[in-house]
Every structure is written in C-alpha cells, then in structure tokens.
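For reference, the structure discussed in these notes is given below.
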Amino acid sequence: MTPDSTRRELLDLDTRHVWHPYGPMPATVPPLLVEEASGVRLRLADGSELVDGMSSWWAAIHGYRHPALDAALTGQAARMSHVMFGGLTHEPAIRLATTLVDITPEGLEHVFLCDSGSVSVEVALKMCLQYWRSTGRESKRKVLTWRGGYHGDTFHPMSVCDPEGGMHSLWRGVLPEQVFVPAPPAGYDAPVDQSYVDEVVRAVEEHADELAAVVVEPVVQGAGGMRFHNPEYLRVLREVTDRCGVLLVFDEIATGFGRTGALFAAEHAGVTPDVLCLGKALTGGYLTMAATLCTASVADGISRGEVPVLAHGPTFMGNPLSAAVASASVGLLADGTWRSDVSRIERGLRDGLAGATQVPGVVDVRVLGAIGVVQLDHPVDMAAATASLTSRGVWLRPFRDLIYTMPPYVSSDADVALVAEAMVATARVA
Ligand SMILES: *Cc1c(COP(=O)(O)O)cnc(C)c1O
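So the sequence shown is numbered by the working numbering: it starts at 1 and just counts up by one.
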C-alpha cells in the first residue's frame, strides 16, 4: 500500500503532467492509481483490489504476472533487451515469426514485426498500395471498408475508422478519403442479408480501378461499437476482392488469439486474407508489439517493383523482449485449454448478463466467445458507472453507450459472475 501523502503527490503530478488516452489536459476525471497486478486482480495504491474485466484493453489474456511470461521476459533481458533489426536478426524474432506463420490461416507466409497495432495497419496499407504501384496499377490507392470499424489512431488507420467515431469531420482535408459501405448487419447468427451483400459487391466492383484493398475487422467490430456479424460476409468479401483484383486485409488486432472462440476470427469464415494485422494479445499484454503478415504474392509484387523494398523500419522493430514474451504467450495457447476457458467464460457471461435484458434503458445484450456487451439507449454516465463498478470490486471501462467486458481467459467462474453482476447493476445506474 502506498502512503496517503505519496498517493496524493503522485496523482497531483499526474494531473499536472501526464496525458491520458482520449482525454483533455489536464484530465477532468482523475484516474485510479495501480500499484500491482496479479492473476486477474489489480491492486490499487489505497490497498483495494479490482477484478479486471478489460484485460488491459483486451491484451492480458493470461492475466498479470504469469510465471511463464515473467520468465520469458527476465530470461531474455539477461541475454539482450534490444538490438537493431536492420542487418541483424535474432532467435526471439525468428521463432515468433515462424510460429505466427504456422498458426495463422494457410497462405500467410511473411511477417513484418511492428511496434503497435496502429503501425501494423499503416504497414498493411503501405503493403497494399505499394503492391499495386509495383505492379503498374498506381491508380489503386483507395481503401474500402464498412462503417462501424476501428483500426487505430494514426492518420491512415484513422481514415478507415468509422467516419463518426473517428471524427472525420474534424480531419476533413487531412485524412485520405476512402470508400465506405454501411456497417455489416448485426448479429453473429443473424441470417445473411442478400440486399446488403449485393450493395457491398456492387461497391467493390464499381470502385475496383481505384481500390488497393478492402480492410475490415472480421466477425467483431471492436472499439467502433462492439458489434458482431455473420462470418458469411467475409466469404463475400473474399470472393469479390479476388474476382475484382483488390487485396483483402483482416485487422485481427482485437479478435486474434482466441477471443471470439476461434484462434483467429478468419477461421469462422474459413478464408485467408492477403494481409493480416495482429497486436494487442500478441504479447499477452506485457509489451507493445504487433505484426503484419502477408502472402507470398503480396511480398513478391512489392519486391519486383521499381522500388523493390518495403520502406518501413521502426527503431524498435522485432524487439527481443517483446518477441520472447509473445512466443511464450502464444506457447500458452498451444495446449488448447484456452478453448474450454473461452467457452466457459462465454457460458458464464450468457448466464450472468441474461438479467440485463430486463433493465430499463438496455437495448441489447450480446455475447460471443470471451466478449460480453450490454448496450444502453443512451451514453453511459462514466462517473456513475465507474463508481458503481469499483464499489463492486470490478474494473471496466465503458464507452459511448456500451458496458462491456473482455476478461482474461484465466478468469474463474466466480470472477466472471462478479463482472457480469456488476455490469447488470451498473446498467441500472449508468
Ligand atoms: C486496438 C486496435 C488497433 C490499434 O492498436 P494500437 O496498438 O492501439 O495502436 C487497431 N485495430 C483494432 C481492431 C484494434 O482493436
């Protein structure tokens, strides 16, 4: 426990100097001071504990201070923390890249390691644009996506985020203008809407000459609204992009590594994209690292061009600490127990959130894999929601009209029940 005076001093310095995500400076709502985390529990500086239902923005799938990840990190630190990746290589990056090729959908063969999810989307789009440039189709520079998406906060990824959620009006003239189709009809089990399919197919056909790629989040649109859709729409995208000569990018930064009940969401549809983005849970939530994978055809196209290199190379590319922890995290998934954990959590969330449908102001309750969402008919009152959640010993970070959880896979049935109960109670007061 941190002494009261130190706590006050730290929070005061935080207010004065530290910028937090999506916030003004200084912050209007003070953050909670965390001292330690272990398993699924965050220990706050005042000595209280919260069960984490967020996995630290969906990344800490194995919980905090996992012995295997701690060992991978300290073991690697004892050998080398970092070396530049230009002209040098090392076992942690080689092992990780090889594993990613092995476990991702068939056909993705090459791996570009980057520092964050947004950068992996930048790299994916750069790959697609450069592929067409190299193959003599320079006019193919636009990207088509469906509304309701989220792909990161740097500028090119922002241009394919939902125009409203991504505040495109604020950035008119700055963001490249992309092609948008409506959001996919909601519901994993909802019947396929043929008129929607026709509309998407027509849009790709119409814009094929200017489209470098279609980029989407498969099965779950995350930060754009936590919406699920029928995987059939992904097969439709694969068919039309193949037929029209457009590359297909899946952003699995949120869905990768088991979250939806399949190791990768692309498996729900049985399709391989041309380019795949991974991040978030890649390192089990320990360190920042992301990956962009592509097919041999995309890599060959780029490498046969007039500028036969992918002109990208972050300083901390392939960081050995991150790569070693990522391999350990992916290694923990290898025995398949994550599957029973995710379906156990799915059942726990279905049971625990069922009561939310009766709460006035709740318009939808949905669960898929280890994702549970309660949607309100109004924006969440963040102060009231956070007070309600923390008073019940739960950490969640609602946004817009959504109270949602993406718990670590190691959450016990009791943890899941506690989180679900707190979500239902909070729906009443938020
Ligand atoms: C979080 C996220 C990103 C951005 O990743 P960062 O590591 O925050 O840059 C991109 N796409 C999706 C689908 C995400 O969930």
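All residues carry an ideal CB built from backbone N, CA and C; glycine is no exception.
If you check the C-beta of A213 against ligand 1, you find no heavy atom less than 7 Å away. The beta carbon of G152 sits closer than 6 Å to the beta carbons of G117, S118 and V121 from its chain, once the five residues preceding and following it are set aside; these are given in chain order. In the structure shown, F85 adopts coil according to DSSP, grouped into three states. Burial check for T292: the Cβ neighbour count within 10 Å reaches 16 or more, so the residue is buried. Annotation: A208 to Y131 spans about 15 Å, alpha carbon to alpha carbon.
Of the residues assessed, G372 falls on the buried side of the cut-off, its CB having 16 or more other CB atoms within 10 angstroms. In this structure, the beta-carbon distance from L353 to V363 does not fall below 8 Å. For the pair L113 and L50, the Cα-to-Cα distance works out to about 33 Å. Inter-residue distance for T15 and S5 is about 15 Å (C-alpha atoms, whole angstroms). Setting aside the 5 residues that flank it on each side, S139 is surrounded in the same chain by D209 and E210, each with a C-beta closer than 7 Å to its C-beta; the list follows chain order. Membership of G348 in the alpha helix (DSSP H) is indicated by the continuous run T337 to L353. Taking the Cβ of Y150 as the reference point, at least one heavy atom of ligand 1 falls within a distance shorter than 7 Å. Contact between the region 378-395 and the region 259-269 is absent: fewer than three C-beta pairs spanning the two stretches fall below 8 Å. Around the beta carbon of A281, 16 or more other beta carbons lie within 10 angstroms, which makes this residue buried. Membership of V416 in the alpha helix (DSSP H) is indicated by the continuous run D413 to V429. Two segments are said to touch when three or more pairs of C-beta atoms, one from each, lie closer than 8 Å; by this definition the region 86-106 does not touch the region 339-346. Ligand 1 approaches K280 closely enough that one of its heavy atoms is under 7 Å from the residue's Cβ. Boundaries for V271: no alpha helix (DSSP H) harbours it, and the DSSP string shows neither H nor E there. Of the residues assessed, L13 falls on the exposed side of the cut-off, its CB having fewer than 16 other CB atoms within 10 angstroms.
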